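Single-structure report; data block below.
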Amino acid sequence: MRALRPAAVAAIAAATALTAVSGCAAKNDGKGGSGKGTIEVTASDTSCELSAKEFPAGHVRFAVQNKGSKVTEVYIYAPGDRIVTERENIGPGTRTEITAEIKAGSYEIACKPGMKGDGIRQKVTASSKGGAAKKRDPELDAAVTAYRKYVQEQADQTLPAAQKFADAVKDGDVEAAKKTYALSRVGWERTEPVAESFGDIDPKVDVRADGLEKGQKWTGWHKLEKSLWEEKKISGDDKKLAAQLITDLKDWQKRVGKAEITPTSMANGAKELLDEVATGKVTGEEERYSHTDLLDFHANVEGAEKAYELLKPVVGKNDPALAKELDKQFKAIGGLLDEHRDSKSADGFASYETVDKGERKKLSDGVNSLGEPLSKLAAAVAGAK
Numbered sequence: 003m004r005a006l007r008p009a010a011v012a013a014i015a016a017a018t019a020l021t022a023v024s025g026c027a028a029k030n031d032g033k034g035g036s037g038k039g040t041i042e043v044t045a046s047d048t049s050c051e052l053s054a055k056e057f058p059a060g061h062v063r064f065a066v067q068n069k070g071s072k073v074t075e076v077y078i079y080a081p082g083d084r085i086v087t088e089r090e091n092i093g094p095g096t097r098t099e100i101t102a103e104i105k106a107g108s109y110e111i112a113c114k115p116g117m118k119g120d121g122i123r124q125k126v127t128a129s130s131k132g133g134a135a136k137k138r139d140p141e142l143d144a145a146v147t148a149y150r151k152y153v154q155e156q157a158d159q160t161l162p163a164a165q166k167f168a169d170a171v172k173d174g175d176v177e178a179a180k181k182t183y184a185l186s187r188v189g190w191e192r193t194e195p196v197a198e199s200f201g202d203i204d205p206k207v208d209v210r211a212d213g214l215e216k217g218q219k220w221t222g223w224h225k226l227e228k229s230l231w232e233e234k235k236i237s238g239d240d241k242k243l244a245a246q247l248i249t250d251l252k253d254w255q256k257r258v259g260k261a262e263i264t265p266t267s268m269a270n271g272a273k274e275l276l277d278e279v280a281t282g283k284v285t286g287e288e289e290r291y292s293h294t295d296l297l298d299f300h301a302n303v304e305g306a307e308k309a310y311e312l313l314k315p316v317v318g319k320n321d322p323a324l325a326k327e328l329d330k331q332f333k334a335i336g337g338l339l340d341e342h343r344d345s346k347s348a349d350g351f352a353s354y355e356t357v358d359k360g361e362r363k364k365l366s367d368g369v370n371s372l373g374e375p376l377s378k379l380a381a382a383v384a385g386a387k
């Protein structure tokens, strides 16, 4: 879950050594640089302006510029707040591009200064005018089919692991619950952008205290994490929350096979997973009580790499230099994570508490080095250079 405490948002805005956002958006040089047909999105602390509110359906490129003083993120929502794509960690004075495959219909684009709330929204229309849609490369259809199978498998594998965790909570066994907590989250962390696309499941199962909206009850993994590690006890309410977690995860398992998945959503999802690492794992925000951030980190990277590997046959043809760089950077981040493995740990990784500032900086730099080329993956998939 991406919600940040105010201190963490300020840290990102200041581009501290322990964040990894500089590779996600290039510094604005004042020259623009958007190509023909690109939709300009100009975000500030109080506005979200678009260069056009109607555009042809298909592959659409959005050039985002943050002119505000706060870190922002941009979402494209289909009806019902289903997330089509997003890009977070857009720092003040920076630009980034988002390429998305958008079907004809009505949408909303939201800029979220401070990366919280419903955002400042603009209604837009993707029009079917402009001729027949370009036929998709069969290799991309195969990638989508394989990825859909992958996300379903991850959901299916999560349920027994989560049930083991919930049973330990139900039994009041703090130590058993601690040992199974992080392992129950792996499948979710590998495929989180797909789960988040539904809009209503993520706030139930993966929200942190600082991500709660006004009036929202805190449920899910992180509420139980706090009880286990900070309060060191399991209450009657916690037992009910564990049962609710299983109910919500079963809902996810049932719905994930029907998720809207396109080649560009796979590519953007891979980038979103790296953003999750930058905002939550490298900073220690995600697992602030259990300090099991490294397993989450590893699962996010695995999920991003799976999407990339499935798209690689097409990326290798459209942009071989990008494919070569991504191969290099995925291998590098894997090596950095391997340095922190711990065979004696329940989840196979050292506690993040034991990772000093220098090592966290190395991890942050590794995320940054991967995040920059990964931000170009969707454009390569769409055939743009």
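The opening residue of the sequence shown carries number 3 in this note's numbering; numbering runs sequentially from there. Ideal Cβ placement from N, Cα and C applies to all residues, glycine included. Given the structure is predicted, the values throughout are model-derived calculations rather than measurements.
Check	Outcome
For TYR152, which residues in the same chain have their Cβ closer than 7 angstroms to its Cβ, ignoring the five residues on either side in sequence?	LYS308
So, for PRO8: in the same chain, excluding its five sequence neighbours on each side, which residues have a beta-carbon less than 6 angstroms away from its beta-carbon?	Below a pLDDT of 50, predicted positions are generally treated as unreliable, and PRO8, at 36, falls in that range; the measurement from the model is reported next regardless. There are no such residues.
What are the residues that DSSP puts in a beta bridge with VAL62?	ALA102
Counting Cβ pairs closer than 8 angstroms, one from the stretch 256-268 and one from the stretch 295-302, do we hit at least three?	no
Can you tell which of GLY336, ALA334, ALA348 and ALA352 has the C-alpha that lies nearest to the C-alpha of HIS342?	ALA352
So what does GLY107 bridge to, in DSSP terms?	ALA128
Can the beta-carbon of SER271 be found less than 7 angstroms from the beta-carbon of PRO375?	A small fix is needed here, since residue 271 is Gly in this sequence, not Ser. No, they are not a contact pair.
Under 7 angstroms, do ALA269 and HIS61 count as touching if we go by C-beta distance?	no
Three Cβ pairs or more, each shorter than 8 angstroms: is that satisfied between the stretch 363-381 and the stretch 274-289?	yes
Count the other CB atoms, across all protein chains shown, that sit within 10 Å of the CB of ALA5; report buried if there are 16 or more and exposed otherwise.	No answer about ALA5 holds up, because its pLDDT of 47 lies below 50 and its placement is not dependable.
Counting along the chain, where does the beta strand (DSSP E) carrying VAL73 start and finish?	Where VAL73 is concerned, there is no enclosing beta strand (DSSP E), given that its DSSP letter is neither H nor E.
Cβ of VAL207 within 6 angstroms of any heavy atom in the ligand MG?	With respect to the ligand MG, the structure shown offers nothing to examine, as it has no ligands at all.
Sorted by chain position, which residues of the same chain lie with C-beta nearer than 6 angstroms to LYS125's C-beta, five sequence neighbours on each side aside?	GLU110
Leaving aside the five residues before and after ASP250 along the sequence, list all residues of the same chain whose C-beta is less than 8 angstroms from its C-beta, in chain order.	ILE203, LYS206, VAL207, THR221 and GLY222
How close, in whole Å, do the beta carbons of ALA211 and VAL317 come, if the pair is a contact with beta carbons under 8 angstroms?	About 39 angstroms separates the two Cβ atoms, so there is no contact after all.
Evaluate the contact criterion for the stretch 114-128 versus the stretch 43-50: three or more CB pairs, one atom per stretch, below 8 angstroms.	yes
With contact counted as at least three CB pairs below 8 angstroms, one residue from each stretch, are the stretch 162-172 and the stretch 88-97 in contact?	no
Name the DSSP beta bridge partners of ALA323, please?	BP columns for ALA323 are empty, so no partner.
ILE85 and SER199: beta carbons closer than 7 angstroms?	yes
Any chance you could list the alpha helix (DSSP H) runs of at least 4 consecutive residues sitting entirely within the stretch 235-269, in chain order?	238-257
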